[in-house]
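Worksheet for the structure shown next.
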Amino acid sequence: MTRAYVGLGANLGDRETTLRRAVELLAEEPGIEVAAVSTLRETDPVGLVDQPLFLNGAAAVETSLSPRELLDVLLRIEQALGRVRSGVRWGPRTVDLDVLVYDDQVVDEPGLRVPHPRLHERRFTLEPLAELAPALEIPGRGQVSELLARLH
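Each residue of the sequence shown is one higher than the one before, counting from 71 in the numbering used here.
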């Protein structure tokens, strides 16, 4: 089993219920064990700022799935929870699930980049990761706690 971290986000509907259900659905998937879930925190939107506040967090999972298979599961869960991709980048969403980190692997293929390419720039991803694993090394970027300290 491989340790991976999944980003959780939502800013439409009942955000907390949706994110908790996303974690439940993740835990029901074969080949995935949810090891821990961070505190959910309210955050400002990035990019398109004229939209509701987000609720963000992260989940640590143990998985036998490949990074691509894990992403496919996340996309399926998003769809099951009502996410409709409008084509508006950084727009409002009922749920957003991302593969943030997959062990120490670096993946760069169409539709999947791991570690998440903007993870190191965003407090809403680094704070939950720091809660779960402050010493986690982000391949090519450094330790989560150090990356977060640079944002303060």
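Even for Gly, the Cβ is constructed at its ideal location relative to N, Cα and C.
A distance below 8 Å between beta-carbons, with the five flanking residues on each side excluded, links A106 to the following residues of its chain, in chain order: A129, A130, L202. DSSP places R192 outside any alpha helix (DSSP H), giving it a letter other than H or E. Counting along the chain, A150 sits inside the alpha helix (DSSP H) bounded by residues 137 to 150. The three-state reading of DSSP puts A205 in coil, since its state is none of H, G, I, E or B.
Within the segment 75 to 121, the complete beta strand (DSSP E) runs of at least 3 residues fall at 102 to 107, 111 to 113. With a cutoff of 8 Å on beta-carbon distance, H190 and R211 are scored as near each other. Around the Cβ of H222, a 10 Å sphere holds fewer than 16 other Cβ atoms; the residue is exposed. Non-local beta-carbon contacts of V184 in its own chain, meaning distances under 6 Å to residues more than five positions away in sequence, involve P137, V169, Y172, V177 in chain order.
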